[in-house]
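*Asks:* As numbered in mature numbering (1 follows the signal peptide of the UniProt record, and there is no 0), residues -25 to -1, 1 to 142 make up the sequence shown, in order. C-beta atoms are modelled at their ideal positions from N, C-alpha and C, and glycine is treated no differently. Supplied in structure tokens, the structure appears directly below.
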Amino acid sequence: MGPGASFHLPLLSFLVISFLQATSAGSSCPTGWMFFEKSCYGLFNQVPLKFTEAEKQCQSSGGNGHLASIMNGQEMSVVAAYVKDLYKAGKPVWIGLHSYDLPKSKAWKWTDSSVVSYHNWAPGQPSQASGDELCVELMAGDYLTWKAAPCTGKHPFLCRAPLEKKG
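Given below as structure tokens:
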């Protein structure tokens, strides 16, 4: 086994157990989406969109979905592994964090209205660049760190939706 195997094996085991728990509970994620902690995650990397367009796509694609909110380090690690596994182009990916109330303050909020209690900014971020609204992307490469960028850029995007109950 290679040097990274010690990280990937526990993560793979965790994802398999999570999937089995979700399916045994009579719930499922849309085809091609990943299950983690009562939510489904879907990566849209075929047609890059602006932040607001990506949010609309998440709302229409994943039931009650939004661009992904990330609540803790464990979720960040799982999401990063999922994105890195599916997306080999090495470009940034939108998540659901964005600034508002500019220019007087630079407050951040999630598109799904979750409380912002975790962040994983890259060094030097969030940028204090302009008075434009800023949105957050997972940085290319490891997809673990975040960067503030103008919301008008077109990027692939990650959606998060509550687990659907089969009924």
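Look at the alpha carbon of T120 and the alpha carbon of F132, and state the distance between them as a whole number of angstroms.
*Replies:* Residue 120 sits at position 145 when you count from the first residue of the sequence shown. Residue 132 sits at position 157 when you count from the first residue of the sequence shown. So the two alpha carbons sit approximately 15 Å from each other.
*Asks:* Is the region 90 to 100 touching the region 111 to 125 in the sense that three or more CB pairs, one from each, lie closer than 8 Å?
*Replies:* yes
*Asks:* Would you kindly work out how many angstroms separate the C-alpha atoms of residue 146 and L42, rounded to a whole number?
*Replies:* Coverage of the chain is limited to positions -25 through 142, which leaves residue 146 absent and any answer about it impossible.
*Asks:* Span of the beta strand (DSSP E) holding C33?
*Replies:* Taking the sequence shown and counting its residues from 1, the one referred to as residue 33 is at position 58. It is not in any beta strand (DSSP E) - C33 instead sits in the alpha helix (DSSP H) that spans F26 to S36.
*Asks:* Going by other Cβ atoms of all chains shown within 10 Å of its Cβ, with 16 needed for buried, is S14 buried or exposed?
*Replies:* As a working mapping, residue 14 is identified with position 39 in the sequence shown. Under this definition S14 is a buried residue.
*Asks:* What's the call for E12, buried or exposed, on a 16-neighbour Cβ count within 10 Å?
*Replies:* The count along the sequence shown starts at 1 and reaches residue 12 at position 37. Result: exposed.
*Asks:* So if DSSP puts K122 in a beta bridge, which residue, or which two residues, is it bridged to?
*Replies:* Start at 1 with the first residue of the sequence shown, and residue 122 comes out as number 147. Paired residue(s): E112.
*Asks:* So, at 6 Å on beta carbons, what are the nonlocal neighbours of T86 in its own chain, with the 5 sequence-adjacent residues on each side left out?
*Replies:* Indexing the sequence shown from 1 puts residue 86 at position 111. Correct list, in chain order: E30, H41, L42 and G71.
*Asks:* Pick helix, strand or coil for V22, following the three-state DSSP scheme.
*Replies:* By 1-based counting over the sequence shown, the position of residue 22 is 47. Looking at V22 - three-state DSSP - the assignment turns out to be strand.
*Asks:* From residue 143 to M114, what distance separates their C-alpha atoms?
*Replies:* With the chain represented from -25 up to 142, any question about residue 143 goes unanswered, as that position is not in the structure.
*Asks:* Taking Cβ positions, are A136 and G38 nearer each other than 7 Å?
*Replies:* Working through the sequence shown from its first residue, we reach residue 136 at position 161. Working through the sequence shown from its first residue, we reach residue 38 at position 63. Yes, Cβ-Cβ distance for A136 and G38 is below 7 Å.
*Asks:* Measuring alpha carbon to alpha carbon, tell me which of G17, V111 and C110 ends up nearest Y62.
*Replies:* Within the sequence shown, the letter at position 87 stands for residue 62. Cα-wise, what sits closest to Y62 is G17.
*Asks:* Going by DSSP, name the residue or residues bridged to A97.
*Replies:* Sequence index remark: in the sequence shown, residue 97 carries index 122 (1-based). Beta-bridge pairing links A97 to no other residue.
*Asks:* Quick check on DSSP: helix, strand or coil for E12?
*Replies:* Stepping through the sequence shown from its first residue, residue 12 is reached at position 37. Reduced to three states, the DSSP call for E12 is coil.
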